[in-house]
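Heads up: the structure comes next, in structure tokens.
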Amino acid sequence: MKNHENPPEFPAAYAMAAFTCPILAVVAPLGLAPMGLGLGILALVAARRSGMKAGNWLGWLAVPALVCLWGAISAIWAADPTRALSTSVRLLAISVTGLATAAVLPRLTPRSTRAVALGLASSIVLATVLLTVEYLSGNRLSALVMEIRGHKPFPDGAKSQLSRGATVVAVMLWPAALLLARFYGRRAGMALIAVAACSLLLGDSLAARMALITSGAVAATAFLHPALIRSVLRWGLVAATLAMPLGAQFLPSPPHSWEIFPDLPLSAHQRLGIWNFAGNRATEHPLLGWGLDASRAIPGGDEELFINRMASANNIMWTLTGQRLPLHPHNAFLQWGLELGLVGSALMAAFLWQLGGRTACIPAPGARAAAAGALAAAATISAVSYGFWQSWWLVTLWLTAALCALAARVKAEDLP
Numbered sequence: 070m071k072n073h074e075n076p077p078e079f080p081a082a083y084a085m086a087a088f089t090c091p092i093l094a095v096v097a098p099l100g101l102a103p104m105g106l107g108l109g110i111l112a113l114v115a116a117r118r119s120g121m122k123a124g125n126w127l128g129w130l131a132v133p134a135l136v137c138l139w140g141a142i143s144a145i146w147a148a149d150p151t152r153a154l155s156t157s158v159r160l161l162a163i164s165v166t167g168l169a170t171a172a173v174l175p176r177l178t179p180r181s182t183r184a185v186a187l188g189l190a191s192s193i194v195l196a197t198v199l200l201t202v203e204y205l206s207g208n209r210l211s212a213l214v215m216e217i218r219g220h221k222p223f224p225d226g227a228k229s230q231l232s233r234g235a236t237v238v239a240v241m242l243w244p245a246a247l248l249l250a251r252f253y254g255r256r257a258g259m260a261l262i263a264v265a266a267c268s269l270l271l272g273d274s275l276a277a278r279m280a281l282i283t284s285g286a287v288a289a290t291a292f293l294h295p296a297l298i299r300s301v302l303r304w305g306l307v308a309a310t311l312a313m314p315l316g317a318q319f320l321p322s323p324p325h326s327w328e329i330f331p332d333l334p335l336s337a338h339q340r341l342g343i344w345n346f347a348g349n350r351a352t353e354h355p356l357l358g359w360g361l362d363a364s365r366a367i368p369g370g371d372e373e374l375f376i377n378r379m380a381s382a383n384n385i386m387w388t389l390t391g392q393r394l395p396l397h398p399h400n401a402f403l404q405w406g407l408e409l410g411l412v413g414s415a416l417m418a419a420f421l422w423q424l425g426g427r428t429a430c431i432p433a434p435g436a437r438a439a440a441a442g443a444l445a446a447a448a449t450i451s452a453v454s455y456g457f458w459q460s461w462w463l464v465t466l467w468l469t470a471a472l473c474a475l476a477a478r479v480k481a482e483d484l485p
């Protein structure tokens, strides 16, 4: 599988993190951030003690470091300079520790790798059990969590509060299935995918369902057509990065979007309105952007919306409320252009070009499919949900990359 002359220290910590991550994402997703940072610090210590050469992995840090540097520079013109500076420092810390984890994890021994595989798969199964109970009970677990925290009663018909756990499962499912298949057979890996898919399709997280579908299609393409997937990943991600900040201003927003897309859910119309507003603001500072993490301070973003629409099919009144730009655009590609301008978008496009190419070049078909599926799931969720700079989400992405790197290094002849 790999050179085990100096396997990394703290193997139990990696297995414990693998078991903890999906479950933690369901019950307390913000806890992923300190867990990931702590694991990354252990990885840095392990890399140093094992004599790992920094050149083996620091090359991947170049573009993230430039993004952090550009974000710090943007404090000069940002609406909130302190936030821009603090966010850039936080992003650098997450990038360094995340990359260290991705570099160290593939050096685990076969025995330690088996522990990671079993822990991750077990956690995904437990997470899907919780999610299934949530969905079949009408989101009663969300109501219980709200009650325990002393919040207002959970309204009937409200969306599940466990959606972040569903999206983490959708992303980590692919390396987990491959690792399980490597040690326990292909049927075990396929069974894990089937169990998770059934749970995610039951839920009300549109992002998780979209990620499941797109990642499945991309994984199949990567497995069957390795030459095609290189272009799909590279050009698809770069096109989205560069086109979204320029094209979002032309998207229809409510109430006009209801006339064009009457069958879309209410949340989708809300996204269209946010993207239209953010796209127009992005064109005001196209080169430099508004400053790192400045979305919450964009002029006019706090304007409240209240739009009613009568659904002709069932005479139900839909009411769309909320701010024009609530904290972030809910689209990573647009957020990069809005906050960091064309410079930031170009840097992110360069990183995604590198990542897409490296993913497509993985020689083993199964490992290539798993990595491509995870990348597609992450891109899909980032395109419709969450602020990209949220620590828990970035940690999730780095941990998934580390797991994909580990799965790609497992060979049949090395299995215990």
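Quick note, the sequence shown lines up with residues 70 to 485 if you use this note's numbering.
Using N, Cα and C, we set each Cβ at its ideal position, and we do this for glycine too.
These figures come from a predicted structure and were not determined experimentally.
- DSSP places residue 230 in the coil class of the three-state scheme, outside both helix and strand.
- Listed in chain order, the non-local C-beta contacts of residue 261 below 6 angstroms within the same chain comprise 190, 246, 249, local neighbours out to five positions each way being set aside.
- Contact between the segment 349 to 366 and the segment 151 to 162 is present: 3 or more CB-CB pairs across the two stretches fall below 8 angstroms.
- Counting only runs of 4+ residues, the alpha helix (DSSP H) found wholly inside the segment 288 to 331 occupies 295 to 316, 325 to 329, in chain order.
- Residue range 401 to 429 is occupied by the alpha helix (DSSP H) that includes residue 410.
- Spanning the alpha carbons of residue 298 and residue 316 requires a straight line of approximately 25 angstroms.
- Nearest to residue 170 by alpha-carbon distance, out of 113, 130, 144, 278, is 113.
- Between the segment 468 to 481 and the segment 440 to 454 there are three or more inter-stretch CB-CB distances shorter than 8 angstroms, so the stretches are counted as touching.
- Under a 10 Å Cβ-count criterion, residue 267 is classified as exposed, with fewer than 16 other Cβ atoms of the shown protein chains found around its own Cβ.
- At a Cβ-Cβ threshold of 7 angstroms, residue 303 and residue 426 count as neighbours.
- The DSSP-derived three-state label of residue 459 is coil.
- Contact check between the segment 157 to 167 and the segment 133 to 141: three or more CB pairs, one atom from each, fall below 8 angstroms, which counts as touching.
- In the DSSP assignment, residue 215 falls within the alpha helix (DSSP H) that extends over 209 to 217.
- Here the segment 208 to 220 does not lie against the segment 274 to 291, with fewer than 3 beta-carbon pairs under 8 angstroms apart.
- In the three-state reduction of the DSSP assignment, residue 373 falls in the strand class.
- Spatial neighbours of residue 367 in its own chain (CB-CB distance under 7 angstroms, excluding positions within 5 residues in sequence) are listed in chain order as 350, 359, 394.
- Annotated three-state conformation of residue 358 is coil, per DSSP.
- Close CB contacts of residue 372 within its chain, under the 8 angstroms cut and outside five residues either way in sequence, are with 392, 393 (chain order).
- The residue from 399, 429, 477, 287 with its alpha-carbon nearest to that of residue 457 is 399.
- Residue environment: residue 338 is assigned as buried (16 or more neighbouring CB atoms within 10 Å of its CB, all protein chains considered).
- If you compare the alpha carbons of 107, 96, 237 with that of residue 218, the shortest gap goes to 96.
- Between residue 187 and residue 314 a beta carbon distance of about 43 angstroms is seen, past the 8 angstroms cut, so the two are scored as non-contacting.
- Going by C-alpha positions, residue 344 is about 31 angstroms away from residue 197.
- With fewer than 16 other CB atoms across the displayed protein chains lying within 10 angstroms of its CB, residue 294 is exposed.
- Its chain contains 400 as the residues whose beta carbon lies nearer than 6 angstroms to that of residue 452, once the 5 sequence neighbours on both sides are disregarded; these appear in chain order.
- For residue 158, the uninterrupted alpha helix (DSSP H) segment begins and ends at 150 to 173.
- By a beta-carbon distance limit of 8 angstroms, residue 77 contacts residue 176. Their separation comes to about 5 angstroms.
- For the pair residue 83 and residue 309, the Cα-to-Cα distance works out to about 34 angstroms.
- In this structure, the CA atom of residue 257 is about 21 angstroms from the CA atom of residue 290.
- Rounded to the nearest whole angstrom, the CA to CA distance from residue 417 to residue 146 is 20 angstroms.
- Here the alpha carbons of residue 214 and residue 183 stand approximately 34 angstroms from one another.
- Counting the other CB atoms within 10 Å of its CB gives residue 329 a total below 16, which places it among the exposed residues.
- When the beta-carbon positions are compared, residue 101 and residue 465 come within less than 7 angstroms of each other.
- Distance between residue 438 and residue 287, taken at the CA atoms: about 8 angstroms.
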